[in-house]
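A.B. asks:
Given below as structure tokens:
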């Protein structure tokens, strides 16, 4: 599976460079989520803008796996760059109800920074 990883202080962007999500390449995606999580990244943005085809919702279940990892670590898992074909499968399988989906990567990073600020503010309240 081809993908690029762009690491930042508060989050990481994983951009898939595959035109198709299949049973062959989704296990590698899960492995990458685990690796990023063990490196301390709890905020992961997955950019699917290059993905044009997905055979079934089973292939997209790896996204749910990533979402659970991030939630366990008190972080955000955001999917971006979803095309119509993938969006339909997400909708049919109700995955669109479980996942945080935004149009662009910069919207995802805005969400992450808002969440981080909120955590800091709430953390400050508890101490005072």
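In UniProt numbering, the protein residues as written are 1 to 128. Beta carbons are placed, not taken as given, at the ideal position from N, Cα and C, and that holds for glycine. Quantities reported herein were computed from a predicted structural model and do not represent experimental measurements.
#1: Terminal residues of the continuous alpha helix (DSSP H) containing residue 26?
#2: Give the DSSP bridge partners of residue 16, in chain order.
#3: Buried or exposed, going by whether 16 or more other CB atoms sit within 10 Å of the CB of residue 34?
#4: Using the Cβ count rule (16 or more neighbours within 10 Å means buried), how would you classify residue 79?
#5: What does residue 77 pair with, by DSSP beta-bridge criteria?
#6: To which residues of the same chain is residue 19 closer than 8 angstroms at the C-beta, ignoring the five residues directly before and after it?
#7: Relative to the alpha-carbon of residue 120, which residue among 74, 91, 94 has its alpha-carbon at the smallest distance?
#8: Using a threshold of 7 angstroms, state whether the C-beta atoms of residue 43 and residue 10 are closer than that.
#9: Where residue 98 and residue 64 are concerned, what is the direct C-alpha to C-alpha distance, given to the nearest angstrom?
#10: Buried or exposed: which applies to residue 123, given that a residue is buried once 16 or more other Cβ atoms fall within 10 Å of its Cβ?
C.D. replies: In short, the structure shows the following:
#1: Taken as a continuous stretch (DSSP letters only), the alpha helix (DSSP H) holding residue 26 covers 26-38.
#2: DSSP, once it has assigned bridges, lists 3 as partnering residue 16.
#3: Exposed, because fewer than 16 other Cβ atoms sit within 10 Å of the Cβ of residue 34.
#4: The residue is buried, with at least 16 neighbouring Cβ atoms inside 10 Å.
#5: Per DSSP, 44.
#6: For residue 19, where only same-chain residues beyond five positions count, the Cβ hits under 8 angstroms are 50, 51, 52, 53.
#7: Comparing Cα-Cα distances from residue 120 to each of 74, 91, 94, the minimum goes to 74.
#8: Taking 7 angstroms as the Cβ cut-off, residue 43 and residue 10 qualify as a contacting pair.
#9: Taking the straight line from one Cα to the other gives about 8 angstroms.
#10: Within 10 angstroms of the beta-carbon of residue 123 lie fewer than 16 other beta-carbons, which makes it exposed.
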